[in-house]
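Going left to right, the sequence shown walks through residues 658 to 854 as my numbering numbers them. Working notes, beginning with the structure itself.
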Amino acid sequence: MATTTPVKGTERAMIDCSMIVVTTKEETPRCIAITSGTKLGVEPQIETKEAVKLIIKGALKAQKKESKTITGHILTLTDNMTILELLEILQGGTVTKDESGKITGYTPEVSGSAFEPVVFSLDAYSAQMSGSEVVGYEKVSYPGCTGSPVGLGSEDDVFRVTEYSINSAPGNGEAPYTIAYVDALPTVSDPVVTPGA
Numbered sequence: 658m659a660t661t662t663p664v665k666g667t668e669r670a671m672i673d674c675s676m677i678v679v680t681t682k683e684e685t686p687r688c689i690a691i692t693s694g695t696k697l698g699v700e701p702q703i704e705t706k707e708a709v710k711l712i713i714k715g716a717l718k719a720q721k722k723e724s725k726t727i728t729g730h731i732l733t734l735t736d737n738m739t740i741l742e743l744l745e746i747l748q749g750g751t752v753t754k755d756e757s758g759k760i761t762g763y764t765p766e767v768s769g770s771a772f773e774p775v776v777f778s779l780d781a782y783s784a785q786m787s788g789s790e791v792v793g794y795e796k797v798s799y800p801g802c803t804g805s806p807v808g809l810g811s812e813d814d815v816f817r818v819t820e821y822s823i824n825s826a827p828g829n830g831e832a833p834y835t836i837a838y839v840d841a842l843p844t845v846s847d848p849v850v851t852p853g854a
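So, in structure tokens, the structure goes:
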């Protein structure tokens with residue numbers, strides 16, 4: 658029998674939640690970059706089909722093994738900042754702005770109304786390190802995402818940390834996530850606000 662020589666795997670040192678980019682699947686897509694997110698928790702959603710065993714008089718004669726199917730992920734984004742444009746995508750409602758484009762408030766959907774989530778993709782970027790230098794970024798993309806209503810708590814002498822719960826459910830024939838390696842983070846523009854308006 659021939660022996661196989663093992664080949665060392667490609668090792669990558671990844672760190673940080675460098676950027677999160679949310680892009681809606683709408684006729685006019687919205688694209689929001691989040692640079693203040695400190696953590697992205699990822700929990701695979703798995704459907705398990707139990708094993709089928711044929712046991713006769715205490716002896717196992719045959720068995721069909723258990724099977725598991727991944728159906729998506731629950732993503733939990735922990736953010737040090739409150740981003741109203743993200744709330745608008747995750748739970749509906751309306752961000753209001755004045756004539757200059759400055760945000761003046763946010764109103765969620767009316768209580769008791771049917772929640773129709775906006776579908777979006779989420780790209781999570783982490784820094785790839787070599788020694789003490791950033792040499793690129795890992796981009797993990799989750800398709801078929803929808804948000805959940807968000808609670809906004811407050812506490813004396815504590816900056817708010819907001820948790821956003823996101824359900825990623827890929828379509829038929831679509832991978833639950835993809836990984837790509839890029840040289841740089843996406844270019845991000847500042848919100849459009851008219852000076853002096």
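Cβ atoms here follow ideal geometry from the backbone N, Cα and C, with glycine treated the same way.
Short of 8 Å from the beta carbon of residue 723, and not among the five residues preceding or following it, lie these beta carbons of its own chain, in chain order: 705, 706, 707 and 708. Approximately 6 Å separates the beta-carbon atoms of residue 798 and residue 834; this is inside 8 Å, confirming the contact. By the Cβ neighbour-count rule, residue 777 is buried, with 16 or more other Cβ atoms within 10 Å of its own.
Of the candidates 844, 829, 822 and 830, the residue whose Cα lies closest to the Cα of residue 700 is 822. When secondary structure is reduced to three states using DSSP, residue 740 falls in the coil class, being assigned neither helix nor strand. With the rule of 3 Cβ pairs closer than 8 Å, the region 765-773 does not count as touching the region 781-789. With respect to residue 805, residue 747 sits close: the two C-beta atoms are nearer than 9 Å. In this structure, residue 825 sits near residue 779, with a CB-CB distance shorter than 9 Å.
Taking a cut-off of 8 Å for Cβ pairs, the region 836-844 and the region 675-687 touch, as three or more such pairs fall below it. Per DSSP, the unbroken beta strand (DSSP E) holding residue 701 starts and ends at 694-706. Runs of alpha helix (DSSP H) with 4 or more residues, each lying fully within the region 707-769, are found at 741-748, listed in chain order. In this structure, DSSP gives residue 659 a state outside helix and strand, which the three-state scheme calls coil. Distance from residue 735 to residue 815 at the Cβ level is roughly 14 Å; contact not present, criterion being Cβ atoms closer than 8 Å. Residue 834 carries a coil assignment under DSSP once its states are collapsed to helix, strand and coil. In the structure shown, residue 847 adopts coil according to DSSP, grouped into three states. In the DSSP annotation of this structure, the continuous segment of the beta strand (DSSP E) that includes residue 781 starts and ends at 777-787. Distance from the CA atom of residue 809 to the CA atom of residue 720, rounded to whole angstroms, is 50 Å.
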